[in-house]
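**Q**
Residue numbers (full-length UniProt numbering), protein chains in the order written: chain S, 1 to 321; chain W, 1 to 302.
In structure tokens, the structure reads:
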């Protein structure tokens, strides 16, 4: 229920290098031999000309395609409504006017939406970690009867794309079976379904499997309880995978649109993206654009800071050539 | 004491096993509850839903195939499937080859690598709703960015989302823009694991640039290409947010997709049975691709 849009959201159960850390280090340490074009070709005069031409073209094209729209968005929000519709458009805003940003913040109550988003993403992150780490620990190290069947059932959910069970999931949240609770418009409607993620259980269990059994047995002989072993031995050595799962779960909660659209219909409960979308029709163009800029900033900042982890998370499923 | 696995002096194998299982299921309980409520039960309920009439007053009533019949009789039904297939197909044309090509080129560059990798992934980080609303403004047939650019080259503007001939393509463009970073970076990682000797050998055999791509790069990344193909098909066939925010299915049903029609049945017509029937059909189709995908990625393991 966490990912909706077109992205290979769940790089699912795939080949597992037994010790992910070692293999990654090995790949980085490997001297870069050569790619498609031999290094020799690049030293020739013709090779150099071609290389620099291609480089310039690629950098220009990528900047035009991926950066220019963002530039247009940031400056568009500074233009007056008249300047926005002018033909030909002005490349730079005539005067830097930040009032649309202030208007967007106030009129759209972006502060509320932003706080909601933080609350949903933060809660989903914590609950996901608690639930999925304990489950993976139980399946990997405590090995109960029927553990394999439970794992198989959890992995089977990866075969069901989130969109196709969104209606029954909505009905479930609206009227929880047996308990009869209505979770609509409560954060639980976001938090609990986010934790039901077979891919995270799979990732964590695979990592826990690689922790030597002797380590845990030694602690058990010393009288440590399973909870103590999880906390003091398993968690400290599992930081890399917990980092990956954390990033994936926060980003998924942050980006999600359809699920919160359905389960949080009250305007003061909406996360940022749903709130902006719902109010977009009533806003002047430049105020709406300013709102889009404000909504983009946290995502770009997070990406800037956690770039490495996010890119590592991309290949976490063990996707390789 | 011969037992090394038991934490405490042995109390008998049965009690030990019981204790271990109880502890384990204690740790599993949270996951079992959330999976049961929010994954397993909805999976079953999806099937039930398709054959029931659900209003929120009476208990659900069995109606057999009536929901399916309603959906089949809907004029938008065929449009929705055709559009979904067209969207998936067009998204493959744009969105499948382009990231691979981009990755091949990026992998050869010695400069600006970090910058290019960063910017190609920025759109993926944006909340999809933001990216889609941004493009809605770009598509504005009056002063939108795209028509302004066309105007600079004295090309008459297009009506983009407002014309049934260009609307679907417009959706594909947004979707490609905001998703191609993922594929590019995954391919880039795969390309870096190709041993350079293979290119060396191919070059000694007289293989030109394109032959090297065809005979070395593609076979070496065959598996990841297949995996990404399946993942992309599964992801794009669920397309919802683009038609929901950009066109509302219009003009003249030109952008109604199966997922969007499903949403409409449930939340605009209040017919969860009809929506459920559409969801079930989509589920069957997508599960075939998912099953192939799991099969393929498991083969790689062995």
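Ideal Cβ positions, reconstructed from N, Cα and C, are used throughout, including at glycine. None of these values were measured; they are calculated from a predicted model.
Am I right that residue 87 of chain S and residue 143 of chain W are in contact with their C-beta atoms under 8 Å? What's the rounded C-beta distance?
**A** Residue numbering aside, residue 87 of chain S sits at position 87 when the first chain is read from its first letter. Residue numbering aside, residue 143 of chain W sits at position 143 when the second chain is read from its first letter. Indeed, because the Cβ distance is near 7 Å, the residues count as touching under 8 Å.
**Q** Taking buried to mean at least 16 other C-beta atoms within 10 Å of its own C-beta, is residue 225 of chain S buried or exposed?
**A** If you number the first chain from 1, residue 225 of chain S lands on position 225. Under this definition residue 225 of chain S is an exposed residue.
**Q** Going along the segment 95-111 of chain W in order, which residues come within less than 9 Å of chain S, judged by CB to CB distance?
**A** So the list reads 95, 102, 104, 105, 106, 107, 108, 109, 110 and 111, given in the order they occur along the chain.
**Q** For residue 195 of chain W, count neighbouring Cβ atoms within 10 angstroms of its own Cβ and tell me buried if that reaches 16, exposed if not.
**A** The residue labelled residue 195 of chain W in the question sits at position 195 within the second chain. Exposed, by the Cβ-count rule.
**Q** Return the chain-ordered list of same chain residues with a C-beta closer than 7 Å to the C-beta of residue 204 of chain S, the five sequence neighbours on each side being excluded.
**A** One-based indexing of the first chain puts residue 204 of chain S at position 204. Correct list, in chain order: 132, 133, 136, 241 and 245.
**Q** Can you give me the C-alpha to C-alpha distance between residue 259 of chain W and residue 174 of chain S, rounded to a whole angstrom?
**A** As a first step, residue 259 of chain W is located in the second chain; it is residue number 259 there, counting from the start. As a first step, residue 174 of chain S is located in the first chain; it is residue number 174 there, counting from the start. For residue 259 of chain W and residue 174 of chain S, the distance between alpha carbons rounds to 20 Å.
**Q** How many angstroms separate the CA atom of residue 30 of chain S from the CA atom of residue 159 of chain S?
**A** In the first chain, residue 30 of chain S corresponds to position 30, counting from 1. In the first chain, residue 159 of chain S corresponds to position 159, counting from 1. Annotation note: pLDDT 43 at residue 30 of chain S (below 50); position unreliable, coordinate value reported separately. Taking the straight line from one Cα to the other gives about 36 Å.
**Q** Using the Cα positions of residue 116 of chain S and residue 216 of chain W, report the straight-line distance between them to the nearest angstrom.
**A** In the first chain, counting from the first residue as 1, residue 116 of chain S sits at position 116. In the second chain, counting from the first residue as 1, residue 216 of chain W sits at position 216. The alpha-carbon atoms of residue 116 of chain S and residue 216 of chain W are separated by roughly 50 Å.
**Q** On the criterion of 16 or more Cβ atoms from any shown chain inside 10 Å, does residue 290 of chain W qualify as buried, or is it exposed?
**A** Within the second chain, residue 290 of chain W is the residue found at index 290, counting from 1. Result: buried.
**Q** Excluding the five sequence neighbours on either side, which residues of its own chain have a C-beta within less than 7 Å of the C-beta of residue 132 of chain W, listed in chain order?
**A** For the purposes of this step, residue 132 of chain W is taken as residue 132 along the second chain, with counting starting at 1. Result list for residue 132 of chain W: 174, 241, 242, 245 and 246, in chain order.
**Q** Comparing C-alpha positions only, which one of W:232, W:253, W:198 and W:205 sits nearest to residue 219 of chain W?
**A** Numbered from 1 along the second chain, position 219 holds the residue referred to as residue 219 of chain W. Of W:232, W:253, W:198 and W:205, the residue nearest in Cα terms is W:198.
**Q** Tell me where the alpha helix (DSSP H) around residue 125 of chain S begins and ends.
**A** Residue numbering aside, residue 125 of chain S sits at position 125 when the first chain is read from its first letter. Its alpha helix (DSSP H) spans residues 110-137.
**Q** Please report whether the beta-carbon of residue 113 of chain S lies at a distance below 9 Å from any beta-carbon of chain W.
**A** Taking the first chain and counting its residues from 1, the one referred to as residue 113 of chain S is at position 113. Chain W, which has no Cβ nearer than 9 Å to the Cβ of residue 113 of chain S, makes this no.
**Q** Would you please verify whether the beta carbon of residue 127 of chain W is less than 9 Å from any beta carbon of chain S?
**A** Indexing the second chain from 1 puts residue 127 of chain W at position 127. Closer than 9 Å to some Cβ of chain S, the Cβ of residue 127 of chain W qualifies, so yes.
**Q** Could you have a look at residue 61 of chain W and say whether DSSP puts it in helix, strand or coil?
**A** Locating residue 61 of chain W in the second chain gives position 61, where the first residue counts as 1. Here residue 61 of chain W sits in strand by DSSP.
**Q** Would you call residue 203 of chain W buried or exposed, if buried means 16 or more other Cβ atoms sit within 10 Å of its Cβ?
**A** Sequence index remark: in the second chain, residue 203 of chain W carries index 203 (1-based). Under this definition residue 203 of chain W is a buried residue.
**Q** Does any residue of chain W bring its CB to less than 9 Å from the CB of residue 76 of chain S?
**A** The residue labelled residue 76 of chain S in the question sits at position 76 within the first chain. Interface residue, yes.
**Q** If contact means a Cβ-Cβ distance below 7 Å, which residues of the segment 56-88 of chain W contact chain S?
**A** Going along the segment 56-88 of chain W in chain order, one finds no residue with a Cβ nearer than 7 Å to chain S.
**Q** Taking a contact to mean a Cβ-Cβ separation below 9 Å, would you say residue 311 of chain S touches residue 117 of chain W in this structure?
**A** Taking the first residue of the first chain as position 1, residue 311 of chain S is located at position 311. Taking the first residue of the second chain as position 1, residue 117 of chain W is located at position 117. Against a cut-off of 9 Å, the Cβ pair of residue 117 of chain W and residue 311 of chain S comes out as a contact.
**Q** Candidates S:213, S:305 and S:293: which alpha carbon is nearest residue 126 of chain W's?
**A** As a position in the second chain, residue 126 of chain W is number 126, starting the count at 1. It is S:293.
**Q** With 9 Å as the limit, tell me which residues of the segment 177-197 of chain W have their beta carbon closer than that to any beta carbon of chain S; keep them in chain order.
**A** Under the 9 Å Cβ criterion, the segment 177-197 of chain W contributes 177, 178, 179, 181, 182, 183, 185, 186, 187, 189, 190, 191, 192, 193, 194, 195, 196 and 197.
**Q** Ordered along the chain, which non-local residues of its own chain (more than five positions away) have a Cβ less than 7 Å from that of residue 32 of chain W?
**A** Taking the first residue of the second chain as 1, we reach residue 32 of chain W at position 32. Taken in chain order, the list of residues that qualify is empty.
**Q** Judging by CA-CA distance, which residue of S:285, S:302 and S:295 is the nearest neighbour of residue 81 of chain S?
**A** One-based indexing of the first chain puts residue 81 of chain S at position 81. Nearest option by C-alpha distance: S:285.
**Q** From what residue to what residue does the alpha helix (DSSP H) around residue 315 of chain S run?
**A** Translated into positions along the first chain, residue 315 of chain S becomes position 315. That residue, residue 315 of chain S, is in no alpha helix (DSSP H); it is neither H nor E in DSSP.
**Q** Counting only beta-carbon atoms, is residue 47 of chain S nearer than 9 Å to chain W?
**A** Residue numbering aside, residue 47 of chain S sits at position 47 when the first chain is read from its first letter. So, not an interface residue.
**Q** So with CB distances below 9 Å, who are the chain S contacts of residue 162 of chain W?
**A** Taking the second chain and counting its residues from 1, one reaches residue 162 of chain W at position 162. What residue 162 of chain W touches in chain S: nothing, since even the nearest Cβ is about 16 Å away.
**Q** At least one CB of chain W closer than 9 Å to the CB of residue 105 of chain S: is that the case?
**A** Position 105 of the first chain, counted from the first residue, corresponds to residue 105 of chain S. Output row for residue 105 of chain S: interface = no.
**Q** Considering only C-alpha positions, which residue in the set W:287, W:43 and W:86 is nearest to residue 303 of chain W?
**A** In the structure as shown, chain W starts at 1 and stops at 302, and residue 303 of chain W therefore has no counterpart that could be examined.
**Q** Rounded to whole angstroms, what's the CA-CA distance from residue 53 of chain W to residue 100 of chain W? Just pull it up for me.
**A** In the second chain, counting from the first residue as 1, residue 53 of chain W sits at position 53. In the second chain, counting from the first residue as 1, residue 100 of chain W sits at position 100. Taking the straight line from one Cα to the other gives about 46 Å.
**Q** Examine the Cβ distances between the segment 37-51 of chain W and the segment 138-150 of chain S and report whether three or more of them are shorter than 8 Å.
**A** Contact fails: fewer than three Cβ-Cβ distances are below 8 Å.
**Q** Please work out which residues of its chain come closer than 8 Å, Cβ to Cβ, to residue 211 of chain W, disregarding the five sequence neighbours upstream and downstream, and give them in chain order.
**A** Taking the second chain and counting its residues from 1, the one referred to as residue 211 of chain W is at position 211. Within the same chain, residue 211 of chain W has close Cβ partners 202.
**Q** Would you please state the rounded distance, in angstroms, between the beta carbons of residue 234 of chain W and residue 180 of chain W? I believe it to be under 8 Å.
**A** On the second chain, position 234 is the one that residue 234 of chain W refers to. On the second chain, position 180 is the one that residue 180 of chain W refers to. Their Cβ separation, rounded to whole angstroms, is 17 Å, which puts residue 234 of chain W and residue 180 of chain W out of contact at 8 Å.
**Q** Quick one, which residues of the segment 146-166 of chain S are near chain W if we go by CB-CB under 8 Å, in chain order?
**A** Residues passing the 8 Å Cβ filter: 147, 150, 153, 154, 157, 158, 159, 160, 161, 162, 163, 164, 165 and 166.
**Q** Measure from the alpha carbon of residue 129 of chain W to the alpha carbon of each residue in S:54, S:301 and S:280, then state which is nearest.
**A** Stepping through the second chain from its first residue, residue 129 of chain W is reached at position 129. Nearest of S:54, S:301 and S:280 to residue 129 of chain W, Cα basis: S:280.
**Q** For residue 264 of chain W, return the contacting residues in chain S, with the cut-off set at a CB-CB distance below 7 Å.
**A** As a first step, residue 264 of chain W is located in the second chain; it is residue number 264 there, counting from the start. None at all; the shortest Cβ gap to chain S is about 12 Å.
**Q** Scan the segment 27-42 of chain W for residues whose Cβ lies nearer than 8 Å to a Cβ of chain S and list them as they occur along the chain.
**A** Cβ contacts with chain S come from 27, 28, 30, 31, 32, 34, 35, 37, 38, 39, 40, 41 and 42.
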